[in-house]
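Report on one structure; see the data block that follows.
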């Protein structure tokens, strides 16, 4: 079976070389293609313009709308991308398939300011090699409407006081990890999935909707469809600061789900140096301060950049570095875990709908 | 009776256009979060004027939809002729084969195309995009034109042929004019299918090339602003103007003639 | 493609100086472009996906390929999927039903009460909403249906004391959105079927004393049957796999086979399970239509 697989891959590689080499040749020598979520920092028009003026490197963007899709795009388009954003919990998957190369900090001067808590994370240190330059980090916890009760525990999601006023995140891994914390389990290795299922099912009378994007969250919150929600830290800062929504981000006593996004040089990139130059610019304090204050961003992995934010800046206040010590970073999951979590979440959703 | 019928048509149109009017109205609403109460503003139209990627993606979408609807209508009508007017073994199977492209969600078909086009070396790009769009539009054309065929009597054609007309001539002079409303309807559907097609464009376009649905769906995460409403409104009003002018001034087809 | 020249004599060969093609060749020439195109763009890719549905995991990356039938056991291993499937079928049924009723009478009204350019323009006006993006349309419905949305706004301007009638995030909201999205199909196919009705038949029937419901049941409905059938195919089939409308308009109750399958492809990266569920759904759809078309054929033969 393994043999067939290998020849299969050879055919895939040949097909890719024949079919996809052309656009690469047609491009200017100093152009890089970045694969990221749309509207997530790297494609800010002012930033790209400043970077191109500074270095002469052109930046083209392509987007993904889910992490598996990002991996699929990397696998089916070898040689097309130079820089990719990967959630650190997915780095090991990308490394296992040789989709990205090790991080070369020697060509990223700004890496000196990176927070050691993030640099040393097991998520990016695989078999003694460091992959992916930590870019930003954030938390998933609760967001409550200002003026109401501010919850101190995830148990508020099931509190009868909140009937019909709660929104959950439509993401299996997030919801399982969060309720694992609530039921006193290791969020990266929950063992009692039945307890998590039951707890999630008990939220049913409270659940109004499950959001899958910040935009959806903002519009529903603005229309007063819910008062309490599972939400992202950086997004809550944006919702309050940019969209002027009365929202308060809360890390309950069980702790938050901490996540970290990394920028990686893609295997087979024709311009790895240009890619690293772009990554360096992305953790530059100058870029970050403008991004965070004008547009709204998660916390920079570069503590020097965080220190340059005004002391009363909301992003800075929410992302207290203490949480990096007290909460756990979401770790890589095995395929079996992901499948189990997804089936669990499908079952819960079917229960909500019934 | 006629008055009730006209009233009913008006009610159906009101239902169909209700969300469209909301869409248009929200393009002129100040709030980026689509909040009510309504407060008039043209800021989204001004923003749109400066948003070259969105405008370009709209133009790309129209070109692809035009090409798709022409190719799919021609091919689909040809197939429909064979399926409706010829007898051969395996016909039912061929008709059933039109169902999978409609029944399997586009997301799966799109993913399958991405994988298969990659393995087979077709790759990504405009050509791949057109292959996918046309393929998804064809079943709609065949079904709609096929419905038309069931109402056009075959004996007219045969009569013409018995009077010395060739089959091709009989088709073009007798059947085609009678089929005009179904073919027009099919072409409009094919256009709509392509214009709304997101998954295939998303998977098969090369980086930097984008269509309007791709812009809209990708914007979900970032948050789509009423600029989307503005460009949708412009597209709809524009196509409405073109079609109404065409319908009012073009030579009337067979549709209004009594058969 | 098996062709039977013996059966293709329906088309008479005209005596002319040009040598005509044999009927089977012209039939093939008409069919090959369409089915060739579909094969390349849809059937071969779907065959790849079908093969994937027998694997344990998505065959990407370095995971070993292992064959299994477990994906097709999903309905047994995860019994809650049966409830989801039933809800999806119901959703497809109600959407098709409302589209058929509304669409048939709309087509009838177009045929009987309008003519010429007015009719043509009205028909095009019916199709035009289709030319806006589906997501934008569905999103506009959320603004109409939500509490304090346009519907409430309109009602409160007439009757200020009224409570909210907003019903966003219910099954009814999903069906409203779906009916809106698919109604033009039914109007068009019914219109195509009805437009050829000879007025004299209807007039003769009514002058012979036939009641309007007799005319409706005995003349108009049978004539519209081809349109109702193709319209139902074009609506029922995609609706049971739809995911956008349930997700956005259904909120908590918007869980359908479409959303389950979508989750398998986007979130879970479990293409084999997603593919297996789609092919099971396709089999059910084909089964329904096979049964149904047999019943119909018998019905029309009577």
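Residue numbers (this note's numbering), protein chains in the order written: chain V, 46 to 399; chain H, 53 to 311; chain W, 10 to 311.
By construction, the Cβ of each residue, glycine as well, lies at the ideal position given by its N, Cα and C atoms.
Here the structure is a predicted model, which is why all the values come from computation and not from measurement.
Nonlocal neighbours in the same chain, by C-beta distance under 7 Å from residue 284 of chain H, ignoring five residues either side
75
If we count the other Cβ atoms within 10 Å of its Cβ and call it buried at 16 or more, is residue 191 of chain H buried or exposed?
buried
Does chain V have any CB closer than 8 Å to the CB of residue 293 of chain W?
no
What residue from H:125, H:255, H:66 and H:147 has the CA that sits closest to residue 243 of chain H's CA?
H:125
Status (buried if at least 16 other CB within 10 Å, exposed otherwise) for residue 208 of chain V:
Exposed, since its Cβ has fewer than 16 Cβ neighbours within 10 Å.
Please list the terminal residues of the continuous beta strand (DSSP E) segment that includes residue 185 of chain H.
Looking at the DSSP string, residue 185 of chain H is not in any beta strand (DSSP E); the run it does join, the alpha helix (DSSP H), is 178-203.
Return the residues of the region 266-280 of chain V that lie within a Cβ-Cβ distance of less than 9 Å from chain H, sorted by chain order.
266, 267 and 268
Quick check: residue 374 of chain V and residue 305 of chain V, are their CB atoms within less than 8 Å of each other?
yes
Indicate whether at least one CB of chain V lies closer than 8 Å to the CB of residue 270 of chain H.
Put simply, the CB of residue 270 of chain H is near chain V, with a gap under 8 Å to one of its CB atoms.
From what residue to what residue does the alpha helix (DSSP H) around residue 387 of chain V run?
380-398
Contact the region 189-208 of chain W vs the region 111-126 of chain W: 3+ CB pairs below 8 Å
yes
Tell me the DSSP secondary structure of residue 229 of chain V in three-state form.
coil
Helix, strand or coil for residue 205 of chain V? Go by DSSP, reduced to three states.
helix
For residue 305 of chain V: DSSP bridge partner residues
V:182
Give the DSSP-derived three-state secondary structure of residue 92 of chain H in the structure shown.
strand
Chain-order list of residues whose beta-carbon lies under 6 Å from that of residue 87 of chain V (same chain, five-residue window excluded):
79 and 81
Tell me whether the beta-carbon of residue 117 of chain H lies closer than 8 Å to the beta-carbon of residue 214 of chain H.
In this structure, residue 214 of chain H does not lie closer than 8 Å to residue 117 of chain H by Cβ.
Against chain H, with Cβ distances strictly below 8 Å, would residue 218 of chain V count as a contact?
no
Return yes when the Cβ of residue 349 of chain V is within less than 8 Å of the Cβ of residue 158 of chain V, no when it is not.
yes
Residues of chain W with CB closer than 8 Å to the CB of residue 110 of chain H, please, in chain order.
What residue 110 of chain H touches in chain W: nothing, since even the nearest Cβ is about 10 Å away.
Looking at the secondary structure, which residues open and close the beta strand (DSSP E) in which residue 332 of chain V lies?
Counting along the chain, residue 332 of chain V falls outside any beta strand (DSSP E), though it belongs to the alpha helix (DSSP H) covering 330-335.
On the criterion of 16 or more Cβ atoms from any shown chain inside 10 Å, does residue 98 of chain H qualify as buried, or is it exposed?
exposed
Nearest neighbour of residue 142 of chain V, chosen from V:118, V:173 and V:370 [CA to CA]
V:118
Alpha carbon to alpha carbon, what distance is there between residue 236 of chain H and residue 297 of chain H?
15 Å
Mind listing which residues of the region 272-289 of chain W have their C-beta closer than 7 Å to chain V's C-betas, in chain order?
272, 275, 276, 277, 278 and 279
Inspect the CB distances between the region 248-264 of chain H and the region 79-94 of chain H and report whether three or more fall short of 8 Å.
For the pair of segments examined, the region 248-264 of chain H was found not to touch the region 79-94 of chain H: the number of CB pairs separated by less than 8 Å stays below three.
Between the region 248-257 of chain V and the region 387-398 of chain V, can you find at least three pairs of beta-carbon atoms closer than 8 Å?
yes
Contact residues within the region 83-94 of chain H, judged by C-beta distance below 9 Å to chain V
83, 84, 85, 86, 87 and 88
Measure the CB-CB distance between residue 282 of chain H and residue 96 of chain H and report whether it falls below 8 Å.
yes
In the region 362-390 of chain V, which residues sit with their C-beta less than 9 Å from some C-beta in chain W, listed in chain order?
380, 383, 384, 386, 387, 388 and 390
Between the beta-carbon of residue 241 of chain H and the beta-carbon of residue 196 of chain H, is there less than 8 Å?
Yes, they are a contact pair.
What is the DSSP secondary structure of residue 274 of chain V, reduced to helix, strand or coil?
strand
What do you get for residue 70 of chain V, buried or exposed, if any count of 16 or more other CB atoms within 10 angstroms of its CB means buried?
Confidence in residue 70 of chain V is poor, its pLDDT being 41 and thus under 50, which makes the residue's placement too unreliable to answer from.
The beta strand (DSSP E) enclosing residue 292 of chain V, as first and last residue numbers:
292-295
To which residues of the same chain is residue 86 of chain H closer than 6 Å at the C-beta, ignoring the five residues directly before and after it?
78
Rounded C-alpha distance that separates residue 166 of chain V from residue 172 of chain V:
13 Å
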